[in-house]
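Numbering (this note's numbering), first residue to last: -17 to 818.
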């Protein structure tokens, strides 16, 4: 085949000599041609192809070079080659390492069909491999290149790989040298600028090159005890090796494998880099967490102090006018006499330390009404057991299998903790929820202690001492429930971020449902304070709209069904084989529950489900302002559900979550519009006209004066609003994963750390939303407390006024009765005299 005498001499010399002076050698002997060695580690063989396995062409390769990869490239001998099909096998000690098939597309236009054979792990002995080739057409000329590759990818350098879509992987080696006291994280990153986002590839990292072998008909792991890490990607993928990953980071030779899978025959260019991350020293791991906790603690103290002294209605003077929506004499405007019923504010320097300690260590467990907070804790602890078991099992499965697709991490900002391969930054960023929840509980306990202290001193501000037959003591249960809900939201979110996925998101959203429901309950219950009437006949006569939402009903009929529907919906989202029977049952149960909850809402807000009841009476009766306002918001809510359902049709957890958020927003807007409409209606009933009423509500001077008088409230609301705006910006516009997509697509949203080289955009969402919820909870509780004070003052004023009016009418009736009886007696005497 080689006619040149010098080439023949070189060939004979190469086949009989060692490849290096260091006891390394490389020898290739093929039964279809003579091997030619352009270099000490490369052999070229030309020959004719056979068409069946029984007489397949064979190349026997012997080499002694630790951790080297044998690369094989097969192509037509020249441009006129008509090679249409090729079968290739790689054998080691009669064990099939690789079996690949190439068709005309793979071999046309001078394309080479490439594959590799991996060495035995950590061997210094001679390795023997056999490569077999057969295909069509028969006796077609082929050229085979066999190369012994011992090159490594150095840290910080980039390697470009052209990966085929037929499952044949590309392999690149790199070395880890442990020469540092504090080892660093090692990040293996694969990126692709290819326009074909649908071409999915697999990134694999292992110390065993056999793990990178083809996914074809045969595959052999030379050392099954060595595990590997793998994930899918389209644009970007990253695997992080640490001290606690499996396999853990150790010195020696490692291998990177890239394999693409697609139904189309394409090439994908992938750039691979190996970089060192932050060091595994104690200071480097803890400083970002310490910074975050300090911000959460000092920020929480500042907010709690501001809210306590500037928002707390116990320290504030009530202003005029007051709301009268529940008063039977609501069509009248109170006189200045109502100011005599306004409670005196407490001194801001009040700090009852001993009662506060008593509330924390005694009242929390043995005194007062704490139904909401107790049931919140019971539900959280019970739910946490199952949630933790499920998430830990899924995370353990990911660790054992090395399949990073089981958990949707932001791989570009993955920072494992020092005891296990857990995402420390994603979990620790939920600590502010816990800190702020504890601050809320302590703050409300201080308020309760102040109320107990002032109540014992006989202060006339105490609602508990006024008209016990009508009013209930102030209910701190919802306030504490909000506090514990914020704490458990942090714990459940941390549990979810151990292994985030579409199925585990139900645990992250669980307490978001509860917090949303508690907000609506607090807004409603603050306006209803006549439930604890002592007379049994009065209790039975109460309309549902005149009673508060009780904790057992809230958790049993709202929270529990919602969690069940959310769980089943998550299963439906992740599986396509759900039986039709269960689909039908699920939809029927969901629709029935929504209808029941909707009817119950009708009754609680005081709107009858029977429209005809209002249309039978005078027209003005059912056209009253409050009736129309209630109907307006009741109609808007299902429209919002419909819009959310269309936009979130592929994610049930997101649908339920955003529905709860919409319910909160509509409850707040509905309450504001309802109060504004009632204020306007009362102005009209007092003799004013429509235009003057609008001018009174919209006078710039009055609005400016109110803002200046309440600058602290305006500032607090503005800062709260800004926290929500920035939090939602990071949540919606800066996503780091997308769980509704495939893992490979989700990784295109991965982003680098942006804060202290430890926290990403989603972690900042955790911090900002914690502050936003913290401030919103204060605003909610203090606003509802203010409404309760207004209710108390108005009711006491109108009750006393009605009692005085009744006494006056009774006295007038008695006077008129005595005068009438005297007149009748005089008439009778006149009749008698005239008769006589």
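Built from N, CA and C at the ideal position, the CB exists for glycine as well. Please read these numbers as outputs of a predicted model, since none were measured by experiment.
Reference residue i; option with closest CA among the options
i           : options               : result
residue 342 : 282, 425, 381 and 290 : 425
residue 116 : 32, 97 and 11         : 32
residue 188 : 210, 171, 181 and 174 : 210
residue 711 : 748, 738 and 721      : 748
residue 433 : 473, 232, 458 and 414 : 458
residue 723 : 555, 542, 75 and 111  : 555
residue 221 : 294, 141, 145 and 384 : 384
residue 467 : 419, 487, 120 and 704 : 419
residue 212 : 239, 230 and 689      : 239
residue 731 : 423, 169 and 720      : 720
residue 256 : 142, 360 and 704      : 142
residue 728 : 576, 374 and 387      : 387
residue 579 : 74, 619 and 345       : 619
residue 358 : 494, 173 and 110      : 494
residue 408 : 465, 490 and 215      : 490
Residue i - DSSP class collapsed to helix/strand/coil
i           : result
residue 401 : coil
residue 285 : helix
residue 567 : helix
residue 372 : helix
residue 240 : strand
residue 45  : strand
residue 123 : strand
residue 555 : helix
residue 75  : coil
residue 636 : helix
residue 736 : coil
residue 419 : helix
residue 57  : strand
residue 333 : coil
residue 32  : coil
residue 430 : helix
residue 172 : strand
residue 140 : strand
Cα-Cα separation between residue i and residue j, rounded to whole angstroms
i           : j           : result
residue 410 : residue 398 : 11 Å
residue 735 : residue 392 : 9 Å
residue 546 : residue 536 : 15 Å
residue 278 : residue 683 : 39 Å
residue 594 : residue 331 : Reliability of the predicted coordinates at residue 594 is poor, the pLDDT of 45 falling under 50, and the value obtained from them is presented with this limitation in mind. Their backbone Cα atoms lie some 57 Å apart in a straight line.
residue 28  : residue 20  : 14 Å
residue 184 : residue 70  : 22 Å
residue 252 : residue 181 : 12 Å
residue 284 : residue 500 : 25 Å
residue 175 : residue 234 : 31 Å
residue 626 : residue 394 : 31 Å
residue 218 : residue 242 : 13 Å
residue 77  : residue 52  : 16 Å
residue 563 : residue 373 : 28 Å
residue 405 : residue 231 : 16 Å
Exposure label - residue i; buried when at least 16 CB within 10 Å
i           : result
residue 124 : buried
residue 502 : buried
residue 270 : buried
residue 250 : buried
residue 522 : Note that residue 522 scores a pLDDT of 47, beneath 50, so its modelled location is shaky and nothing firm can be said.
residue 833 : The shown model of the chain, from -17 to 818, leaves out residue 833, and the question about it has no answer.
residue 310 : Confidence in residue 310 is poor, its pLDDT being 43 and thus under 50, which makes the residue's placement too unreliable to answer from.
residue 136 : exposed
N- and C-terminal bounds of the alpha helix (DSSP H) containing residue i
i           : result
residue 221 : Per DSSP, residue 221 belongs to no alpha helix (DSSP H); it is in the beta strand (DSSP E), 218 to 223.
residue 108 : From DSSP, residue 108 is part of no alpha helix (DSSP H); its letter is neither H nor E.
residue 9   : Looking at the DSSP string, residue 9 is not in any alpha helix (DSSP H); the run it does join, the beta strand (DSSP E), is 7 to 12.
residue 471 : 459 to 480
residue 497 : 487 to 507
residue 410 : 406 to 410
residue 695 : 693 to 710
Delimiting residues of the beta strand (DSSP E) encompassing residue i
i           : result
residue 384 : Per DSSP, residue 384 belongs to no beta strand (DSSP E) and is neither H nor E.
residue 232 : Residue 232 -> no beta strand (DSSP E), and no H or E assigned at all.
residue 19  : 18 to 21
residue 95  : 95 to 99
residue 154 : 152 to 158
residue 726 : No beta strand (DSSP E) holds residue 726; the alpha helix (DSSP H) holding it covers 725 to 728.
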